[in-house]
Amino acid sequence: MNQNTITEKVSCTGTGLHTGVPVQLSVYPARAGTGIVFVRTDLGDPVEIPARVARVVSSSFSTSLGRAGVTLSTVEHLLAAFYALGIDNARVEVDAAELPAMDGSAAPFVFLLRSAGLFAQREPRTTLRVKRAVSLREGARRISIEPAPCLRLSYAVDYEHPKIRRQSLEVSSVTADYFERELAAARTFGFLREVEELWVRGLAHGGSLKNAVVLDEEGVLNPEGLRFEDEFVRHKALDLLGDLALLGTALRGHVRVERGGHALHHQLVRALLAEPAAWEILGPEAAAPHWFASAALP
Numbered sequence: 197m198n199q200n201t202i203t204e205k206v207s208c209t210g211t212g213l214h215t216g217v218p219v220q221l222s223v224y225p226a227r228a229g230t231g232i233v234f235v236r237t238d239l240g241d242p243v244e245i246p247a248r249v250a251r252v253v254s255s256s257f258s259t260s261l262g263r264a265g266v267t268l269s270t271v272e273h274l275l276a277a278f279y280a281l282g283i284d285n286a287r288v289e290v291d292a293a294e295l296p297a298m299d300g301s302a303a304p305f306v307f308l309l310r311s312a313g314l315f316a317q318r319e320p321r322t323t324l325r326v327k328r329a330v331s332l333r334e335g336a337r338r339i340s341i342e343p344a345p346c347l348r349l350s351y352a353v354d355y356e357h358p359k360i361r362r363q364s365l366e367v368s369s370v371t372a373d374y375f376e377r378e379l380a381a382a383r384t385f386g387f388l389r390e391v392e393e394l395w396v397r398g399l400a401h402g403g404s405l406k407n408a409v410v411l412d413e414e415g416v417l418n419p420e421g422l423r424f425e426d427e428f429v430r431h432k433a434l435d436l437l438g439d440l441a442l443l444g445t446a447l448r449g450h451v452r453v454e455r456g457g458h459a460l461h462h463q464l465v466r467a468l469l470a471e472p473a474a475w476e477i478l479g480p481e482a483a484a485p486h487w488f489a490s491a492a493l494p
């Protein structure tokens with residue numbers, strides 16, 4: 197299987213979930229071997245930030261990447277769309293410090309990338325195949341990855357809220373079709389009491405019932421209700437896929453998560469890269485990205 201990019205430039209506009217400022221985002225085709233590279237274009241000289249776990253600067257409420265003091269937040273939904281659609285290479289230009297929230301899901305990004313079209317490149321793609329299990333635990337929070345013939349996900353959440361309680365999701369194979377049908381439309385969510393706290397901290401200024409599921413103590417405040425009965429765990433799986441994309445390669449392994457979040461997802465990616473004996477790269481050696489050797493920056 198070869199690498200893919202998009203056929204032509206596509207753009208969209210929106211509002212940053214936390215910053216509340218208008219954002220224009222443009223996605224361009226990129227050469228084979230480029231990977232996904234974000235570019236801040238609002239700072240005079242453009243600043244490139246590769247989508248790699250070593251560039252993660254914050255895991256609080258979203259995935260934020262940074263380089264040379266410049267940051268870019270809430271990249272996970274677009275990264276999940278790139279990964280699920282099999283797009284290996286793209287240049288993403290953004291004129292603000294945060295990607296647009298759109299409707300709080302990855303569905304608008306899937307539509308955007310589908311509109312651009314996929315372009316098959318000549319160079320073969322690489323895959324990281326897990327050979328032995330790697331696991332982490334923080335109290336009741338657990339995450340692990342073990343060998344599997346494809347990317348599989350098992351995710352469970354547990355909230356003391358009548359609309360959520362315990363929800364679990366099993367994905368036997370992450371494919372573009374499954375992602376578009378079952379995960380992409382699941383929206384980010386939050387509790388009203390937490391949203392009010394975020395406002396005090398200067399966050400969630402762009403949040404609304406149009407780009408997030410908001411719950412009070414009794415139920416969902418969004419007048420249209422939920423898109424899926426288990427929308428909450430589906431969105432967690434979407435976030436996980438976006439965070440796994442920070443490996444920079446396709447992945448074969450079974451990821452299991454209990455009460456996870458961005459920080460735990462990032463810790464697993466780092467732990468996996470830090471243990472080379474636990475995985476191997478499939479594909480031509482020359483095509484293997486050089487940062488797989490460790491979690492350190494190249």
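First residue of the sequence shown: 197, per our numbering; consecutive thereafter. Virtual Cβ for every residue (Gly too), placed ideally from N, Cα, C.
Between Thr209 and the rest of its own chain, which residues show a CB-CB distance below 7 Å, the 5 nearest in sequence each way excluded? Pro218, Val219, Gln220 and Pro296
What three-state label does DSSP hand His273 in the structure shown? helix
Sheet register partners of Arg448 (DSSP bridge): Arg325
Sort out for me which residues DSSP pairs Phe315 with in a bridge. Thr201
What residue does the alpha helix (DSSP H) around Asp435 start on, and which one ends it? Segment Glu427 to Leu440, the alpha helix (DSSP H) holding Asp435.
Taking 8 Å as the cut-off, does the segment 334-348 touch the segment 414-431 (at least 3 CB pairs, one atom from each stretch)? They do not touch, by the three-pair rule.
Can you list, in chain order, the residues of its chain with a C-beta nearer than 7 Å to that of Glu376? Leave out the 5 residues immediately preceding and following it. Correct list, in chain order: Val306.
With a threshold of 6 Å on Cβ separation, who are the neighbours of Arg258 within its own chain once the five nearest residues in sequence on each side are excluded? First, the amino acid is wrong: residue 258 is Ser here, not Arg. Closer than 6 Å at the Cβ level, and outside the excluded window around Ser258, lie Ser269 and Thr270.
What does the alpha-carbon distance come out to for the pair Ser301 and Arg448? 25 Å
Among the residues of its own chain, which have a CB less than 7 Å from the CB of Arg333, if the five just before and after it don't count? none
Measure how close the beta-carbons of Ala474 and Leu468 come, nearest whole angstrom, since I'm counting them as under 8 Å. 6 Å
Would Ile202 pass as a contact of Ala312 if the rule is Cβ separation under 8 Å? yes
Can you tell which of Ser255, Arg236, Pro480 and His273 has the C-alpha that lies nearest to the C-alpha of Ala264? Arg236
With H, G and I counted as helix, E and B as strand and the rest as coil, what does DSSP make of Pro218? DSSP places Pro218 in strand when its eight states are reduced to three.
Just the C-alpha distance for Leu442 and Ala247, rounded to the nearest angstrom, thanks. 6 Å
Could you spell out where the beta strand (DSSP E) holding Val249 opens and where it closes? Val249 -> no beta strand (DSSP E), and no H or E assigned at all.
Between the CA atoms of Val391 and Asn200 - distance to the nearest angstrom: 38 Å
My assumption, with CB atoms under 8 Å, is that Pro358 sits in contact with Met197. Please give the rounded CB distance. With a Cβ gap of about 45 Å, Pro358 and Met197 do not count as contacting.
Helix or strand or just coil, what does DSSP make of Ala228? Three-state DSSP puts Ala228 in coil, outside helix and strand.
Close Cβ partners of Leu436 (< 6 Å) along its chain, the five nearest in sequence each way excluded: Taken in chain order, the residues that qualify are His461.
Would you say the beta carbon of Gly415 is closer than 7 Å to some non-hydrogen atom of the ligand GTP? Of ligands this structure carries none, so the ligand GTP is not represented either.
Could you spell out the range, first to last residue, of the alpha helix (DSSP H) harbouring Arg466? Arg466 -> alpha helix (DSSP H) spans His458 to Leu469.
What's the C-alpha gap between Val243 and Leu281? 26 Å
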